[in-house]
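**Student:** One structure coming up, written as C-alpha cells, with questions to follow.
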C-alpha cells in the first residue's frame with residue numbers, strides 16, 4: 021500500500037521496495053498493520069496454542085531447534101526455550117549496522133509476520149510495531165550470519181531486545197535492551213510456543229539489506245549514464261552508435277535504456293561527433309587519390325565509448341532481476357513451520373533459506389564490477405594523450421612535467437577496480453555445513469549483500485574521478501560547446517572544486533563528489549532538465 025498521511029500500512033502482500041526504503045530512512049513515518057490482517061493473525065495463534073496444549077510434535081512448538089531438534093519439550097518450558105533459542109543464536113560480531121537499516125529489517129519482518137502464517141501473538145506483533153514507531157534500534161553487528169534458517173543472528177538481536185536483553189540505541193544512546201524498552205514506554209514481550217522462532221526464522225535481514233543495495237545501485241547506474249555521456253562528449257566520441265533504432269536490432273531492456281539515456285544526454289552537444297558528417301569529411305581525403313593516408317581523427321570510437329550500452333545494459337538487467345526477486349521475497353511468509361488455518365494444518369518447509377537473495381546479490385555484485393571497469397577505461401583515455409583526441413597528457417595543460425596533473429587519480433580507480441573484482445567472488449556458492457550437519461547447506465545471503473554494497477560504494481568513488489576528469493576536459497575543450505546536460509554537470513563539479521591549473525591534494529574533493537553522487541543530487545538535476553533516465557526499457 022502507498023504511504024498515506026505519513027503512515028505505512030502493511031498487509032504482507034503489497035509492500036514495495038521503494039516504500040520499504042523510504043519508511044526505513046524516514047523515522048517520522050508510522051508503521052501499522054492493516055486491520056484486515058488481524059483476524060487471521062489471531063486465528064493462526066489460536067491454532068498454535070491448541071496444538072501446543074495437545075502436545076502435537078511440531079518443530080519449534082514443542083521441540084527444540086537446530087541440531088537439538090529431536091529433543092521434545094514439555095509445554096510448561098515453552099517460554100524458557102523460546103528465550104534460550106533467541107539468546108543462543110544471537111552471536112553476531114563486528115561493527116553494527118546503521119539504525120535506518122535496522123529499521124528496514126524490522127519493517128520487512130513485520131510485513132512477513134502480518135500475513136498470518138507464522139503464529140505470533142497479536143500482542144507481541146504490536147510490541148514489535150511499537151519498537152519500530154518509538155525508534156528503539158537494537159544493535160545488530162554485521163558479521164556472522166549463515167543466511168539459512170534465515171537471518172538468525174541479526175533477527176535474534178532484535179528479538180532479544182524485545183524481551184528485555186542485549187542492547188539497543190534509543191534517543192541516540194546505547195543502553196541495555198530493557199532500559200531502552202522502558203525508556204520508550206514499551207511492554208516487554210512474553211514468548212510462548214514458536215514465537216521466538218517466528219521472530220528469528222526468516223530472510224528479513226538480508227531482504228532489508230538487499231533492498232537497500234538495489235536502491236543504491238539504481239542511483240549509481242543512473243549516475244553512470246550521466247557521467248558516461250559527459251565523458252563521451254569531452255572525449256569527442258560519436259553519438260550515432262547510441263541511436264535507439266540501432267538497438268532495436270539487438271534488443272535487451274537495459275541496453276536500450278542506456279542507449280536512450282545517452283542519446284538524450286548528448287543532445288545539443290557541439291563536442292560529440294556526428295559520424296555521418298565525419299564520413300563525408302574523410303571521403304574528401306580518399307578522393308584526393310594520394311594512396312594510403314591516415315585520418316586525423318579516429319574513424320570509430322574505442323569499445324569503452326561505443327559499446328557503453330552493450331556493457332552497462334546487462335548490469336541493468338541484473339538489477340531488474342534482483343528487484344523482482346526481492347519484491348517477491350519481501351512479500352512472503354519466510355518462516356518454518358508455516359501454519360495454514362484454512363487447512364487446519366502446518367507444513368515444515370525451507371522458506372527461511374536465503375539462496376534467492378544471495379544469488380541475486382552475487383549476480384548484481386559481479387555485474388556492478390563492470391561499471392567501474394568501463395569508467396576506469398574512459399578515465400585511461402583522458403590520461404593518455406594518444407587516445408584523447410587532442411587533450412594534454414593527464415589533462416595537465418599548464419607547466420606540464422613540473423606538474424603531474426590528474427595522473428594520481430587513476431591510481432585510486434584502478435585499485436578499486438581490482439578490489440571490486442576480489443569482492444565479486446560469490447558468497448552464494450560458499451556453503452559450509454553447520455549445526456551438527458543439520459544446517460548442511462547455507463546461503464550466506466547477508467555476506468553477499470554486504471559485499472555488493474561495498475562494490476556499489478567503490479564504484480561511486482571511481483565515477484567521482486571520471487566526473488572530475490570530464491569537467492577538466494570540458495574547460496580545455498570549451499564549456500560553451502557542451503550539451504545542456506554537460507553544462508549542468510560541469511557547473512556542478514565546479515561548485516566542489518575549480519579548474520585545476522595547479523597540483524593539489526584533491527582527496528576531499530573526490531569524497532565530496534562521491535557523496536553528491538550517492539545523494540542523488542546529480543540525477544535530480546539532470547532529470548529535471550531532460551526527463552526521467554531509464555534503468556530498463558519496457559518494450560511496447
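In this note's numbering, the protein residues as written are 21 to 560.
C-beta: ideal position from N, C-alpha, C; glycine also.
For clarity, every value in this text was computed on a predicted model and none was experimentally measured.
(1) Tell me, please, which residues DSSP counts as bridged to residue 367.
(2) Given a threshold of 16 other Cβ atoms within 10 Å of its Cβ, counted over all protein chains shown, does residue 112 qualify as buried or as exposed?
(3) Go through the region 477 to 543 residue by residue and report every complete run of the alpha helix (DSSP H) that reaches 4 residues or more, in order.
(4) What do you get for residue 141, buried or exposed, if any count of 16 or more other CB atoms within 10 angstroms of its CB means buried?
(5) What first and last residue would you give for the beta strand (DSSP E) that runs through residue 162?
(6) For the alpha helix (DSSP H) containing residue 379, list its first residue and its last residue.
(7) For residue 423, which residues of its own chain have a beta-carbon under 6 Å away from its beta-carbon, when the five flanking residues on both sides are left out?
(8) What three-state label does DSSP hand residue 73 in the structure shown?
(9) Thinking just about the alpha-carbon of each residue, which of 210, 258, 202, 272 is nearest to the one in residue 560?
(10) Given this structure, state the Cα-to-Cα distance separating residue 581 from residue 171, to the nearest angstrom.
(11) With a 10 Å radius around its C-beta and 16 neighbouring C-beta atoms as the bar for buried, classify residue 371 as buried or exposed.
(12) Measure the alpha-carbon distance for residue 527 versus residue 147 and round it to whole angstroms.
(13) Answer with buried or exposed for residue 511, where buried requires no fewer than 16 other C-beta atoms within 10 angstroms of its C-beta.
(14) Pop quiz: residue 380 and residue 230 are said to be a contact at Cβ under 8 Å. What is the actual Cβ separation, rounded to whole angstroms?
(15) May I ask you to report which of helix, strand or coil DSSP gives residue 331?
(16) Would you mind sorting residue 2 into buried or exposed? The rule is 16 or more other CB atoms within 10 Å of its CB.
(17) Cα-Cα, which of 221, 135, 139, 207 is closest to residue 34?
(18) Just to confirm the assignment: which complete alpha helix (DSSP H) runs, minimum length 4, are found wholly within the region 42 to 100?
(19) Taking the alpha-carbon positions, what's the residue 449 to residue 256 distance?
(20) Following the continuous beta strand (DSSP E) through residue 234, name the residue where it begins and the one where it ends.
(21) Out of 123, 220, 207, which has the shortest C-alpha to C-alpha gap to residue 189?
(22) Of all the options 513, 66, 38, which has the alpha carbon lying nearest to the alpha carbon of residue 364?
(23) Between which residues of its own chain and residue 284 is the CB-CB distance below 6 Å, once the five residues before and five after are set aside?
**Tutor:** Result, derived from the coordinates:
(1) Answer by DSSP bridge pairing, in chain order: 358.
(2) buried
(3) Those alpha helix (DSSP H) runs which fall completely within the region 477 to 543 and span 4+ residues are 504 to 516, 527 to 539.
(4) Note on residue 141: 16 or more other CB atoms within 10 angstroms of its CB, so buried under the neighbour-count rule.
(5) 161 to 163
(6) 375 to 403
(7) Here residue 423 has 416, 523 as same chain residues with Cβ atoms under 6 Å from its own Cβ, once five neighbours each way along the sequence are excluded.
(8) DSSP, reduced to helix, strand and coil, places residue 73 within a helical segment of the structure shown.
(9) The alpha carbon of residue 560 has as its nearest neighbour, out of 210, 258, 202, 272, the alpha carbon of 272.
(10) This structure does not reach residue 581, given that the chain is present from 21 up to 560, and the question cannot be answered.
(11) So residue 371 ends up on the buried side.
(12) Residue 527 and residue 147: Cα-Cα distance of roughly 46 Å.
(13) exposed
(14) 7 Å
(15) helix
(16) Since the displayed the chain opens at 21 and closes at 560, residue 2 lies outside it and no answer follows.
(17) 135
(18) 58 to 74
(19) 43 Å
(20) Careful: residue 234 lies outside any beta strand (DSSP E), inside the alpha helix (DSSP H) at 224 to 254.
(21) For the residues 123, 220, 207, the minimum Cα distance to residue 189 belongs to 123.
(22) 66
(23) Answer for residue 284: 550, listed in chain order.
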